[in-house]
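The working numbering runs 50 ahead of the 1-based position in the sequence shown.
Quick reminder that beta carbons are idealized off the backbone N, C-alpha and C, glycines included.
Since the model is a prediction, treat every value here as computed from it, not as a measurement.
I have placed the structure first, in the form of structure tokens, so that the comments after it can refer back to it.
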Amino acid sequence: MFEVKFRTDSLAKLRRKIQQFLELGTQVGVLVDPRTRTMEVYRLNRDKVVLGDRDVLQVPELLPGWELPVVEVWAPEFD
């Protein structure tokens, strides 16, 4: 599951929601925060992993071989 944080969202509430989904059987939860340009990756009974622009998102348990450079998620900046 993916959750995208908007300005009015509470990070704590989004994190709790992801945890609830994991406890119900979801394998991976990803919290996307455009303001900080980070992704928090959650798996049940494991520490979260925080990814930034230099990292690559992988979810082999759902999409073996699929990779997404985090920097490609954000809207391009135009000069």
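query                                                                                                                                                                         : result
Measure the CB-CB distance between Gly75 and Tyr92 and report whether it falls below 8 angstroms.                                                                             : no
Using a Cβ-Cβ cutoff of less than 7 angstroms, which residues in the same chain neighbour Phe99 once the five nearest sequence positions on both sides are dropped?           : Before going on, a small fix: residue 99 reads as Val here, not Phe. Excluding sequence neighbours, Val99 sits near Val91.
Here's the rule I'm using: 16 or more other beta-carbon atoms within 10 Å means buried, otherwise exposed. How should Val82 be labelled?                                      : buried
Using a 10 Å radius around the Cβ and a threshold of 16 neighbouring Cβ atoms, would you call Glu53 buried or exposed?                                                        : buried
Tell me which residue opens and which closes the beta strand (DSSP E) that Phe52 is part of.                                                                                  : Phe52 to Val54
Just to confirm my understanding: we take Gln69, look at its own chain, exclude 5 residues before and 5 after, and list those with CB closer than 8 angstroms. What are they? : Gly79 and Tyr92
Mark Met89 as exposed unless 16 or more other C-beta atoms lie within 10 angstroms of its C-beta, in which case mark it buried.                                               : buried
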